[in-house]
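Remarks on the structure that follows.
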Amino acid sequence: MLEISNDHLVIDTMSLTDFTQSAIETASGDTSALNTLAVVLDLRPESLQTPNRHDINLDVSSLSLVLGNTDSPASLELVADLVASARTTANAHFCASVLAGHATESDEYGDVGIWIIDAGNIDTVIGASNSLANNARMVLKRLGLDTLLSTEDAEATPLVLASDTSLPAAFKGSSQETDVAHLSGLLAQLENRFAFSVNTGRGGIILHFLLGQPRGRADDSNNANVWAGLLGVGVWAD
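Taking the working numbering, the leading residue of the sequence shown gets 1214, the next gets one more, and so forth.
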């Protein structure tokens, strides 16, 4: 049985391809977050279900996807804090995911962390021509999910964020609430934030992403392509 620790100071990673459906079913931890990981596994092409250079690691202590080397515990600590705060905030507001918010038709899926090193040519100036589409493609490619945008009518859509909370507008929470304010404060540590949604074309399942560059790393040439944030799943009726 895979035990999920709450100690975010310990980075304990394993290959995502080793985190099989059976492992998910027997793991102890946040069930809704485990369900989200199961969706990611299911969406990846079979050709990526064996270890290779495109493989993804999972930090089992925080249920965060790690795409690259775990060379900076401080950055992953921020992601772990984001996951814990998102979970607390969602539960307090009677939903499973702050990214899917209260618009989703299922509370089966929670938010997981995501930390990407060498994400490709992600645009830091959001609003530039085709920047969101480019950023979405780069993130999905790094996850092995770029086939989601392979059809002619497939596209990434902006995930609108509330100006006072930096959380999706679909999440009904106030910046005056302690839990929301704490999560917003953590998100403020991410620069050049962008958020988008992608329809997977499978049973109304929508992937939601909110990412940014950990503050203090965006101006570091050695770490300028490090991105961190949250990944959530929502369900809309077809």
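The beta carbon of each residue, even a glycine, is placed where N, CA and C say it ideally should be.
- For the pair of segments examined, the stretch 1312-1329 was found to touch the stretch 1408-1423: the number of CB pairs separated by less than 8 Å reaches three.
- In terms of Cβ geometry, residue 1323 and residue 1244 form a close pair [threshold 9 Å].
- Between the alpha carbons of residue 1299 and residue 1388 lies a gap of roughly 14 Å.
- Within the DSSP bridge table, the entry for residue 1270 names 1228, 1279 as partners.
- Residue environment for residue 1428: exposed (fewer than 16 other C-beta atoms within 10 angstroms of its C-beta).
- A direct Cα-Cα distance of roughly 32 Å separates residue 1253 from residue 1390.
- Exposed is the label assigned to residue 1331, since fewer than 16 other Cβ atoms lie within 10 Å of its Cβ.
- With contacts defined as CB atoms closer than 9 Å, residue 1442 and residue 1381 fail to qualify as a contacting pair.
- In the three-state reduction of the DSSP assignment, residue 1312 falls in the coil class, being assigned neither a helical nor a strand state.
- The alpha-carbon separation between residue 1370 and residue 1403 amounts to approximately 21 Å.
- In the displayed model, residue 1393 falls within a helix according to three-state DSSP.
- Looking from the CA of residue 1312, the closest CA among 1399, 1384, 1449, 1412 belongs to 1384.
- The residue from 1412, 1392, 1350, 1411 with its alpha-carbon nearest to that of residue 1297 is 1392.
- Here residue 1450 is exposed. Its C-beta has fewer than 16 other C-beta atoms within 10 Å.
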